[in-house]
Each structure stands twice: as C-alpha cells, then as structure tokens.
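Undergrad: In our numbering, the protein residues as written are 4 to 75.
Cβ coordinates follow ideal geometry from the N, Cα and C atoms, glycine included.
Take a look at this one; I'll ask things after.
Put into structure tokens, the structure is as follows:
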C-alpha cells in the first residue's frame with residue numbers, strides 16, 4: 004500500500020508541475036521499475052492508481068523510470 008501511495012504522490016507532483024488538472028483524464032501511465040515485488044504490488048493495485056490519478060490505463064515494466072502520457 005505504501006508503494007502505491009508513493010506512486011500516486013509522484014503522479015500528483017507531475018500533474019502539478021505540468022499544470023494538468025486531476026479532472027483532466029490521462030490516457031496512461033507507464034511505471035518502469037527494476038524490483039519485481041514493486042511491479043507486482045502496483046499491478047495488483049492499479050485500479051486504485053487509475054482512480055486517484057484519473058488514468059485510463061496503467062502499464063508496468065522493468066527499469067527505473069516513470070512516464071506519464073496525456074491524451075491531449
């Protein structure tokens with residue numbers, strides 16, 4: 004749960020920095036992380052991440068970068 008909350012907090016920071024309001028839906032977020040347990044945790048709770056950040060899709064993969072895509 005803490006990992007999911009950390010991801011949501013980072014997502015909110017990115018939205019604030021880019022001035023994309025939470026009411027504006029975004030097409031997807033791609034979460035890339037080297038830790039398999041982290042990826043598993045985020046995948047299991049992706050419905051909460053989608054709801055909190057107003058996302059259509061959450062993709063999870065290997066690496067260490069988090070990318071946000073806007074639909075506009």
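Just mark residue 64 as buried or exposed, buried being the case when its beta carbon has 16 or more other beta carbons within 10 Å.
TA: The residue given as residue 64 occupies position 61 in the chain shown. Residue 64 is exposed by the Cβ-count criterion.
Undergrad: What span of residues does the beta strand (DSSP E) with residue 29 cover, start to end?
TA: Here residue 29 is taken as the residue at index 26 of the chain shown, counted from 1. Residue 29 -> beta strand (DSSP E) spans 29-35.
Undergrad: From what residue to what residue does the beta strand (DSSP E) around residue 54 run?
TA: Translated into positions along the chain shown, residue 54 becomes position 51. Note, residue 54: premise wrong, no beta strand (DSSP E); alpha helix (DSSP H) at 49-56.
Undergrad: Checking the sheet assignment: what are the DSSP bridge partners for residue 44?
TA: Translated into the one-based positions of the chain shown, residue 44 becomes position 41. None; residue 44 has no bridge partner.
Undergrad: Which residue or residues does DSSP assign as beta-bridge partners of residue 63?
TA: Here residue 63 corresponds to residue number 60 of the chain shown, with the count starting at 1. Beta-bridge pairing links residue 63 to 34.
Undergrad: With C-beta atoms as the reference, is residue 37 less than 8 angstroms away from residue 59?
TA: Reading the chain shown from its first residue, position 34 is the one you call residue 37. Reading the chain shown from its first residue, position 56 is the one you call residue 59. No; because the gap between Cβ atoms is not below 8 angstroms, this pair is not in contact.
Undergrad: By alpha-carbon positions, which one of 47, 39, 18 ends up nearest to residue 28?
TA: Numbered from 1 along the chain shown, position 25 holds the residue referred to as residue 28. Selected option, being the one with the closest Cα: 18.
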